[in-house]
Every structure is written in structure tokens, then in C-alpha cells.
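One structure is given here, and the rest of the page talks about it.
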Amino acid sequence: MKTAALFFVLALPFHSSVTQVCGFDFFYLVLQWPGSFCDTEQKCCYPNSGKPDAEFLIHGLWPNNNDGSYPSNCDPDNSFASSQISDLISNMEANWPSLACPSSNNYSFWAHEWNKHGTCADSIFNEHDYFEAALNLKDKVDILQILSSSGIEPNDNSYSLSSIEEAIQTGFGFSSVIDCNKDASGSIQLYQVQLCVDKTGTSFIACPDSSSGSGRCSSEVKFPSF
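Right, dumping it as C-alpha cells:
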């Protein structure tokens, strides 16, 4: 009995630590523009399923905290299994493709997203539900259409960052976090749009103050074609 009691006492701090590290307050649904992935010095490779459509594609569904921190790689014993998402594959190939080289069947990309981010939400989602939740959220918002409605087109022209943020705020109803990268010539361009989602992974919400501001962007950003 003393041995069992000692084990229980020693185990409590460890369990508490894991819960603290892997807790979270909301999700980012991260949508990336493929043209801005592919025109960098690193370039891109289309997946085996073919060239994706010219639309904002899912990068990931990432648990985050209100203070700006985020958990990652929360459960190494709960690794990705493609058999769990067999009914979602065609949808994921269209909406969540890998553009990394070399060309692939996307599984390594999806495995990375689940292992790093999805396992931190496994108290809410199993693997199948995690990927399905991201797909369902993407179906609710068309960032390209929202931008196009405000005259912001992927035509290699530059637009003010404030006009992009305002267009999404108006057309989507909530603010977003814009992320930029550089093309092969060094021009700053629109890369990703991060939308905030409640902890259930089902509804969009206003982003917390800690997420205000857009990363790696300048006041004018290019919107490349694809």
C-alpha cells in the first residue's frame, strides 16, 4: 500500500504539468495562398493528386492560447494513422494538399499537422474529427471571394495591408491575422490568413488581443497569381 501511495503522489505533478502545457483557449484556422508558397526561392511541388485549385488552402488547425503561446506535440503515443481518415482523403486532397517537394500523397504533411497540432486537441477531437472540423470550417468562408469582392485579386499587383484586413473584416465579420512571405525576388506578399475559432472547433470568433497585428508584412503587399 505504501508503494502504491508513493506512486500516486509522484504521478500527480507530472499529470498536472502535461495538462498545463497542452491546454489551449482557441484555434487558428490557417489558410494559405498557393501562389505565395510556390513563387519563393524554395519553389513548390504539386502533390500526386495534381495541381490544386487557385484558392486559399488549409495549412492547419492550430490550438493557441490567449496569451500568445501555443502547445505542440502533446501526445507522441497518438501518432497519425491514415486509416482513420480514409473517407476524407478526396476532400483533403482538394482542400489540404501539400505543396512541399518532392511530390507526395500528402500523408507526411497531414501526419505533421496531426502530430504537432492535432494531438493537443485530442481531448476534444479524435484524429478523424480534427481533420473533418478543419474541412467544415473552410467550407464556411471563401477568403478569395471576399477579397475579390473588394477588388483585391491575385494578379501580381500590390495592395495595402490595411485594405486586405478591412476587406476580410467586412466580408467575414471578424478580424484576421495576415501572414506574409517573400517571393524569389524579395517582394513581400500575402501568404496566409489566420482566422480564430472557438475551442469546440466549430464556430469563428473574434481573435484575442494577443493575436492583433500581422506578421512579416509591410504596408503594401503583393498578391501573386497561381
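Take the sequence shown: its letters are residues -19 to -1, 1 to 207, numbered as in mature numbering (1 follows the signal peptide of the UniProt record, and there is no 0).
Ideal placement from N, C-alpha and C gives every residue a C-beta, glycine not left out.
Being a predicted model, the structure only gives us computed values, none of them experimental.
Residue i versus the options, residue with shortest Cα-Cα distance
| i | options | result |
| --- | --- | --- |
| G167 | G182, E146, R197, Q150 | R197 |
| D164 | L10, F5, D58, W14 | W14 |
| G31 | I186, F8, S143, A75 | A75 |
| S85 | I70, Y27, V178 | Y27 |
| G4 | Y51, L12, S17 | Y51 |
| T181 | A148, L69, I105 | I105 |
| D6 | N45, S64, P83, F18 | N45 |
| L69 | L116, Q175, G99 | L116 |
| I66 | P205, K121, A114 | A114 |
Residue i to residue j span [Cα, whole Å]
| i | j | result |
| --- | --- | --- |
| W43 | S53 | 9 angstroms |
| S184 | I127 | 18 angstroms |
| residue 209 | N59 | For residue 209 there is no data in the structure shown, the boundaries of the chain being -19 and 207. |
| S200 | S144 | 10 angstroms |
| N162 | D56 | 31 angstroms |
| K190 | S63 | Residue identity check: residue 190 is Asp in the sequence provided, not Lys. For D190 and S63, the distance between alpha carbons rounds to 36 angstroms. |
| E134 | A148 | 12 angstroms |
Residue i, DSSP secondary structure in three states
| i | result |
| --- | --- |
| E201 | strand |
| L118 | helix |
| H(-5) | Confidence at H(-5) is low in this model, with a pLDDT of 36, below 50, so its placement is unreliable and the value that follows should be read with caution. Looking at H(-5) - three-state DSSP - the assignment turns out to be helix. |
| C19 | helix |
| S50 | coil |
| L176 | strand |
| G4 | coil |
| L69 | helix |
Residue i - containing alpha helix (DSSP H), residue span
| i | result |
| --- | --- |
| L142 | 142 to 153 |
| W43 | Segment 38 to 45 is the beta strand (DSSP E) holding W43; no alpha helix (DSSP H) there. |
Start and end residues, beta strand (DSSP E) containing residue i
| i | result |
| --- | --- |
| L125 | From DSSP, L125 is part of no beta strand (DSSP E) but of the alpha helix (DSSP H) over 124 to 130. |
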